[in-house]
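Take any residue in the sequence shown, count from 1 to its spot, add 218: that is its number in the numbering used here. All residues carry an ideal CB built from backbone N, CA and C; glycine is no exception. The next block holds one structure in the form of structure tokens; read it before the comments.
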Amino acid sequence: MDKFSQFRALHVPGKPFILANVWDIGSARMLAGLGAEALATSSAAHAFVLGSRDMGAISRDQALTHAAEIVAATDLPVQGDFENGFGDAPEVVAETVRLAGEIGLAGICIEDIRYPDGTAYPFDLAVERMQAGAAAARALPRDFMFVARADGVMNGLYTLDDAISRIIAFDQAGADALYVPRPGSMADQARVCAATAKPVNALAAGPFTAATPADFAAANVARISLGGSLARVTHRAIRDAATAMLREGDFTPLGHSISGDEVEALLAKGTPKG
219 MDKFSQFRAL HVPGKPFILA NVWDIGSARM LAGLGAEALA TSSAAHAFVL
269 GSRDMGAISR DQALTHAAEI VAATDLPVQG DFENGFGDAP EVVAETVRLA
319 GEIGLAGICI EDIRYPDGTA YPFDLAVERM QAGAAAARAL PRDFMFVARA
369 DGVMNGLYTL DDAISRIIAF DQAGADALYV PRPGSMADQA RVCAATAKPV
419 NALAAGPFTA ATPADFAAAN VARISLGGSL ARVTHRAIRD AATAMLREGD
469 FTPLGHSISG DEVEALLAKG TPKG
């Protein structure tokens with residue numbers, strides 16, 4: 219089984235795997251070395267690397283170049299977090315999917331939010347965009363997962379009922395998997411999963427960081443992604459250590475690091491074997 223088919227096979231409702239969102243070659247290889255089964259880019263984490271912000275500040279060319287580096291970094295399948303597909307028109311979404319396939323991604327996530335104004339696409343246009351993306355995914359010469367996101371609950375733009383109506387329509391439009399980030403509670407997450415027979419992604423962020431894999435499994439989640447959470451953990455470490463050093467002359471936080479030998483061993487373990 220090639221890594222693209224392997225990626226699809228990981229998506230089993232009720233048996234969630236962790237999709238590890240990474241932000242550079244080093245983090246990709248460390249996560250691979252630690253046993254991750256699949257990787258994903260993160261629009262937020264990538265923006266942080268560039269000293270920028272999430273949600274509309276990164277171009278498609280930048281996202282593709284970044285994703286290609288992650289694909290080449292390890293032997294694992296990689297999904298691209300490509301925001302809204304970098305354009306409003308369904309044809310743009312389709313082109314983004316085609317380009318994502320060409321660089322070796324195993325799948326793509328597309329949101330239903332317009333940037334830079336951050337509003338939700340009208341229902342019919344949102345569905346048309348997902349339909350175009352799903353059709354483009356099916357036209358690729360190999361397996362490729364198209365994941366449709368309904369981000370309006372997380373962004374305060376529409377209700378959970380609205381999100382469920384959207385993912386049902388996205389399912390019917392041909393999406394391979396569905397995603398409603400941070401629906402509110404685990405009971406709400408279970409409602410999302412009950413709305414479709416297809417795999418559902420859940421985000422380990424906010425209150426969901428207190429949940430266990432068993433909790434997600436009970437809700438019938440197929441995949442748990444991290445978004446920018448792991449990247450923000452590293453940024454917190456930078457902030458806390460730098461604050462102690464620069465304000466108080468305290469270097470003790472540096473004593474909580476791991477050895478360079480351990481880092482290098484993990485990087486070597488995650489490096490492609492071919």
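{"Asked": "Start and end residues, alpha helix (DSSP H) containing Ser383", "Found": "Leu378 to Gln390"}
{"Asked": "Phe235: first and last residue of the uninterrupted beta strand (DSSP E) it sits in", "Found": "Phe235 to Asn239"}
{"Asked": "Cβ-Cβ separation, Gly303 to Arg347 (assumed contact under 8 Å), whole Å", "Found": "7 Å"}
{"Asked": "Touching by the beta-carbon criterion (3+ pairs, under 8 Å), the segment 380-392 and the segment 410-426", "Found": "yes"}
{"Asked": "Beta-ladder partner(s) of Ala338, from DSSP", "Found": "Ile331"}
{"Asked": "Beta-carbon separation (whole angstroms), Leu323 vs Val267, contact threshold 8 Å", "Found": "No, Leu323 and Val267 are not in contact; Cβ-Cβ is about 18 Å, not under 8 Å."}
{"Asked": "Identity of the residue in His474, Ser447, Phe469 and Val481 nearest Asn239 by Cα", "Found": "Ser447"}
{"Asked": "Classification of Gln390 by the beta-carbon crowding that lies within 10 angstroms, buried from 16 upward", "Found": "exposed"}
{"Asked": "Nearest candidate by alpha-carbon position, reference Ala227, set Ile328, Pro417, Ala393 and Gln349", "Found": "Pro417"}
{"Asked": "Neighbourhood of Ile442 by C-beta, 6 Å cutoff - its chain only, sequence neighbours within 5 removed", "Found": "Pro234, Ile236, Ala420, Ala422 and Phe434"}
{"Asked": "4 or more residues per run - each alpha helix (DSSP H) lying fully within the segment 357-444", "Found": "378-390, 404-412 and 431-436"}
{"Asked": "Host beta strand (DSSP E) of Asp479 (start-end)", "Found": "From DSSP, Asp479 is part of no beta strand (DSSP E) but of the alpha helix (DSSP H) over Gly478 to Gly488."}
{"Asked": "Extent of the continuous alpha helix (DSSP H) to which Gly322 belongs", "Found": "Gly322 -> no alpha helix (DSSP H), and no H or E assigned at all."}
{"Asked": "Paired residues, beta bridge with Val296 - DSSP", "Found": "Leu257"}
{"Asked": "Host alpha helix (DSSP H) of Gly474 (start-end)", "Found": "Reading the sequence as shown, one finds His at residue 474 and not Gly. Note, His474: premise wrong, no alpha helix (DSSP H); not H, not E."}
{"Asked": "Helix, strand or coil at Ile326 according to DSSP, with G and I counted as helix", "Found": "strand"}
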